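Just so you know, we're using numbering that gives the first Met the number 0 here: the sequence shown kicks off at 0 and counts up by one. Structure first, commentary second.
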Amino acid sequence: MCGIFGCICEAAVPVLVDGLRRLEYRGYDSVGFAFISEGRIIVMKDKGSIDDFVRRVDLDSLDSRIEVGIGHTRWATHGAPCKENAHPHLDCTGSIAIVHNGVLENFLELRAGLQARGHAFSSNTDSEVIAHLVEEGVRSGIGLKGALASASSQTRGSMAVAALSSAEPDRIVCFRRESPLILGIGPKGVYCASDIPALVKYATRFFLMPEGSLATLTRGGFTLESASGEQIDPCAVGVDWDLAAVDRGGYAHFMLKEIHEQPLAVSNTLRISAEYVARAASLLLGKRILLTGSGTSYHACLCASYLLNSLGFDARAIISSEFEEHLKGQPLGEAVVVGVSQSGETADTLGAIRHAKRLGARVLGITNTLSSSITSLSDAYLCTQGGPEIGVAATKSFLTQLVALEMLSFRAALASGSLSRADYEGVVSEMASLPAKISSILGRLDRLREIALKYADRRDAYFLGRGMNVATAMEGALKLKEISYIHAEGYPAGESKHGPISLVEPGFLCVFVAPKDSSRQRIIGNVMEMKARGAEIFSVLTEGDGELVEVSDEHFEVPESPEYLYPVLCTVPLQALAYYVATYRGLDPDRPRNLAKSVTVL
Ligand code: AGP
């Protein structure tokens, strides 16, 4: 997820810098600007944050009469963070500049075609193909707007773009498909941005660009039209945010915002190019698979280990801090270690990976941060495409880890022959339904607010699941304990009778992750064991499961799905439960005590 900002106003340079600063929560590994000055396009960009950039580059030397500019703050998805991969990207002639937020699925084939037609590329990003496609359109005489419309018809994937052309120096042309783009009009200018925080200081009227629409911004305002050229009446959106809330996109906390970003985050994960996934999956073939991570990332490893074993692989999940102890110097020449980490900087996971490499293992990194130490240590890697996650509690990074690991597992099963092509296509189709299913759950979170109010004063809770949902239960327990400080424990439901059940007394909260999967009949038995001792039962279950509703004190339904999708779907209500309990307890979910977003110490 990146941040785009554009403006047409007097003294555009400082406005662009300020607007981009308000979007840094969307990405901050590199930054860049393009301005039109005396009929030419000037591009300034570099790796690093905006503050680093402003310290290094003397923006005051730019002409104060500059009125048209676009800017971009990047969260690397394709191509490591560096000056060449920073946006804006230019066409071959240097007369067209674009900034892009999104993930293009077919950029490799587009790039090959453009290169075959003589285009030279200066980055290895997906976004740069847009600049060259626009170049071809402008060269054919259809102008910047027509060229951007043509470019958007050739690309597949999420795409919010702002573009400049020195041939049309008085305007910015924008296109929007899935990734958000908002237009603003104020007393001093016209603006476009990925999110409202960049606009609140300058605009008084706000307009969300419709899906698939094109906007042309000039000094006097903007026009909106569909890709086929029909005029669209802009629809104003109300914005009553104070500047303090602005950086959280209007949500009370980053954690809640990031819970709600999960449909888009997962859809971007599902867009990881098939070629990348196949290449990463090939590392798993014929190998002993050791998955390692810490905290939430370990839970993703655990969940994936069940799936991989069910697909015929030999997979084991090991907590990073125990990795070396657990393997005691075993040679790992026949193993592949899958290192999972949102930050890519967790010291325990880095330590496990370095240890594994010393013992001869290949390493596959699954991180949300391309420019991370784990990524650089890996023989191959997948970026989970979750976008920056500011809240300390992992939310969208977990769901995107689960989805990336499932894509990897099924693709490896196809390659190994344990999954037929028809079954693989069926899985791909089912996974494509995830964003909509997550959205349907997000539309019912008020139910969890009510349930959370009942549980906000509890001291203890068990989270119980079976199979892949042992990991889901452990993740739900971790969420609750780390932000509400309630002692919550997640473990296999079948373990209850081996000791833990002695703690259960009337009113003891037991949260069951009990969707309609292969272990549902057995988990009903576990529910009844707890119920018989007076436990209070909250079940996350499959919609329509009347039998389980009957024996639960509270329940939350998730859409009927194949077994392997339930960990993704059942996690969402548990995230929200933890969030609402923490806020009812007057705590700040974004900054839980004693914790850091990335634990870079052993
Ligand atoms: C999860 O909510 C916590 N923030 C923590 O357990 C986290 O998952 C763990 O520290 C691993 O971080 P990583 O994914 O960046 O490696």
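Think of the CB as a built atom: it goes at the ideal place given N, C-alpha and C, for glycine as much as any other residue. These numbers were taken from a predicted model, which means no experiment stands behind them.
Under the criterion of a Cβ to heavy atom distance below 8 Å, does Val339 qualify as lining the ligand AGP?
Residue 339 sits at position 340 when you count from the first residue of the sequence shown. True, at least one ligand heavy atom lies under 8 Å from that Cβ.
Let's test the definition: count the other Cβ atoms within 10 Å of the Cβ of Cys1 and tell me whether it reaches 16, buried, or not, exposed.
Residue numbering aside, residue 1 sits at position 2 when the sequence shown is read from its first letter. It is buried - the Cβ of Cys1 has at least 16 other Cβ atoms within 10 Å.
Which first and last residues belong to the alpha helix (DSSP H) in which Val362 is found?
Position 363 of the sequence shown, counted from the start, is the residue given in the question as residue 362. Premise fails: Val362 lies in the beta strand (DSSP E), Arg361 to Thr366, not in any alpha helix (DSSP H).
Taking 8 Å as the cut-off, does the CB of Lys478 come closer than this to any heavy atom belonging to the ligand AGP?
Residue mapping note: residue 478 aligns to position 479 of the sequence shown, counting from 1. The answer is yes for Lys478.
Would you check whether the ligand AGP has a heavy atom nearer than 8 Å to the C-beta of Gly343?
Position 344 of the sequence shown, counting from 1, holds the residue named residue 343. Yes - the ligand AGP has a heavy atom lying nearer than 8 Å to the Cβ of Gly343.
For Phe511, I'd like the list of residues in its chain whose CB is within less than 6 Å of its CB, leaving aside the five on either flank, ordered along the chain.
Here residue 511 corresponds to residue number 512 of the sequence shown, with the count starting at 1. Once the five neighbours on either side are set aside, the close Cβ partners of Phe511 are Leu463, Val526 and Ser538.
When burial is assigned at 16 or more other CB atoms within 10 Å of the CB, is Asn593 buried or exposed?
Reading the sequence shown from its first residue, position 594 is the one you call residue 593. Answer is exposed; the Cβ neighbour count stays below 16.
Can the beta-carbon of Gly350 be found closer than 9 Å to that of Glu333?
Looking up residue 350 in the sequence shown gives position 351. Looking up residue 333 in the sequence shown gives position 334. Contact flag unset, no.
In this structure, what does DSSP give as the bridge partners for His71?
The sequence position of residue 71 within the sequence shown is 72, counting from 1. DSSP, once it has assigned bridges, lists Ile3 and Gly31 as partnering His71.
Which residue from Pro572, Leu310 and Ser139 puts its Cα closest to that of Ile440?
Taking the sequence shown and counting its residues from 1, the one referred to as residue 440 is at position 441. The shortest C-alpha separation from Ile440 is found at Pro572.
Use the C-beta contact count for Thr92: other C-beta atoms within 10 angstroms, 16 or more gives buried, fewer gives exposed.
To locate residue 92, count along the sequence shown from 1; it is residue 93. It is exposed - the Cβ of Thr92 has fewer than 16 other Cβ atoms within 10 Å.
Decide if Lys82 is buried, meaning its Cβ has at least 16 other Cβ atoms within 10 Å, or exposed.
Within the sequence shown, the letter at position 83 stands for residue 82. Label assigned to Lys82: exposed.
Under the rule that 16 or more other beta-carbon atoms within 10 Å means buried, what is Asp347, buried or exposed?
For this step, residue 347 is matched to residue 348 along the sequence shown. Classification of Asp347: buried, given that the 10 Å Cβ count is 16 or more.
May I ask which residues mark the beginning and end of the beta strand (DSSP E) holding Phe174?
Position 175 of the sequence shown, counting from 1, holds the residue named residue 174. Element bounds for Phe174: Ile171 to Arg176.
Note down, in chain order, each residue of its chain lying with its Cβ closer than 7 Å to the Cβ of Leu307, except the 5 sequence neighbours on either side.
Translated into the one-based positions of the sequence shown, residue 307 becomes position 308. Ile288, Ala314 and Ser408.
Does the ligand AGP have even one heavy atom less than 8 Å from the beta-carbon of Glu549?
One-based indexing of the sequence shown puts residue 549 at position 550. Every heavy atom of the ligand AGP is 8 Å or more from the Cβ of Glu549, so no.
Which of the three DSSP states is assigned to Ala414 in this structure?
As a first step, residue 414 is located in the sequence shown; it is residue number 415 there, counting from the start. Helix.
How do the stretch 64-73 and the stretch 18-34 stand: do at least 3 beta-carbon pairs fall below 8 Å, yes or no?
Cβ pair count under 8 Å is three or more, so yes.
Based on Cα-Cα distance, which residue from Ala197, Gln341 and Gly585 lies nearest to Ala451?
What you label residue 451 is simply residue 452 of the sequence shown in a count that begins at 1. Nearest option by C-alpha distance: Gly585.
Using a 10 Å radius around the Cβ and a threshold of 16 neighbouring Cβ atoms, would you call Leu502 buried or exposed?
Translated into the one-based positions of the sequence shown, residue 502 becomes position 503. It is exposed - the Cβ of Leu502 has fewer than 16 other Cβ atoms within 10 Å.
What residue range is occupied by the uninterrupted beta strand (DSSP E) comprising Phe206?
By 1-based counting over the sequence shown, the position of residue 206 is 207. Looking at the DSSP string, the run of the beta strand (DSSP E) that includes Phe206 is Arg204 to Leu207.
Thinking C-beta only, is Ala280 closer than 9 Å to Ala414?
Against the sequence shown, residue 414 aligns to sequence position 415. Against the sequence shown, residue 280 aligns to sequence position 281. Yes, they are a contact pair.
How about Glu481: is its Cβ closer than 8 Å to a heavy atom in the ligand AGP?
Counting from one through the sequence shown, the residue named residue 481 turns up at place 482. Checking the Cβ of Glu481 against the ligand AGP gives yes.
Give me the DSSP bridge partner(s) of Cys191.
Along the sequence shown, read from residue 1 onward, the residue named residue 191 stands at position 192. DSSP output for Cys191 lists Gly5 and Leu182 as bridge partner(s).
Look at Glu542 and Ile389 and say whether their C-beta atoms are less than 9 Å apart.
Within the sequence shown, the letter at position 543 stands for residue 542. Within the sequence shown, the letter at position 390 stands for residue 389. Cβ distance not < 9 Å, so Glu542 and Ile389 don't count as in contact.
Quick one: grab the DSSP three-state call for Val539.
Counting from one through the sequence shown, the residue named residue 539 turns up at place 540. The answer is strand: DSSP assigns Val539 an E or B state.
With Gly294 as the anchor, note down where its alpha helix (DSSP H) starts and where it stops.
For the purposes of this step, residue 294 is identified with residue 295 of the sequence shown, where counting begins at 1. Run containing Gly294: Gly294 to Ser309, per the alpha helix (DSSP H) assignment.
Here's the rule I'm using: 16 or more other beta-carbon atoms within 10 Å means buried, otherwise exposed. How should Ser428 be labelled?
Here residue 428 refers to the residue found at position 429 of the sequence shown. So Ser428 ends up on the exposed side.
Contact defined as beta carbons within less than 8 Å: I believe Arg458 pairs with Ile485. What is the distance between those atoms, to the nearest angstrom?
By one-based count along the sequence shown, residue 458 stands at place 459. By one-based count along the sequence shown, residue 485 stands at place 486. Right, the Cβ-Cβ distance comes to about 6 Å (below 8 Å), so this counts as a contact.
Could I get the ranges of all uninterrupted alpha helix (DSSP H) runs contained in the stretch 107-168, with 4 residues as the minimum, in chain order?
Those alpha helix (DSSP H) runs which fall completely within the stretch 107-168 and span 4+ residues are 127-138 and 142-153.
Could you give the residue range of the beta strand (DSSP E) that holds Met43?
Looking up residue 43 in the sequence shown gives position 44. Where Met43 is concerned, the enclosing beta strand (DSSP E) stretches over Arg39 to Lys46.
Is Ser375 a contact residue of the ligand AGP, with contact defined as CB to any heavy atom under 8 Å?
Counting from one through the sequence shown, the residue named residue 375 turns up at place 376. It does not: the Cβ of Ser375 is nowhere closer than 8 Å to a heavy atom of the ligand AGP.
Locate the alpha helix (DSSP H) running through Leu525, then write down its first and last residues.
In the sequence shown, residue 525 corresponds to position 526, counting from 1. For clarity, residue 525 is Asn in the given sequence; the question names Leu instead. It spans Arg519 to Lys530 - the alpha helix (DSSP H) in which Asn525 sits, taken as one unbroken run.
Can you tell me whether Leu594 sits near the ligand AGP, meaning its C-beta is under 8 Å from at least one heavy atom of the ligand?
Taking the first residue of the sequence shown as position 1, residue 594 is located at position 595. Yes, Cβ of Leu594 sits closer than 8 Å to a heavy atom of the ligand AGP.
Report the residue ranges of all alpha helix (DSSP H) runs contained in full by the stretch 309-353; include only those spanning at least 4 residues, in chain order.
For the stretch 309-353, whole alpha helix (DSSP H) runs of length 4 or above, ordered along the chain, are 322-326.
Kindly indicate which residue of Arg170, Lys530 and Ser149 has the alpha-carbon position closest to the one of Phe221.
What you label residue 221 is simply residue 222 of the sequence shown in a count that begins at 1. It is Arg170 whose Cα lies nearest to the Cα of Phe221.
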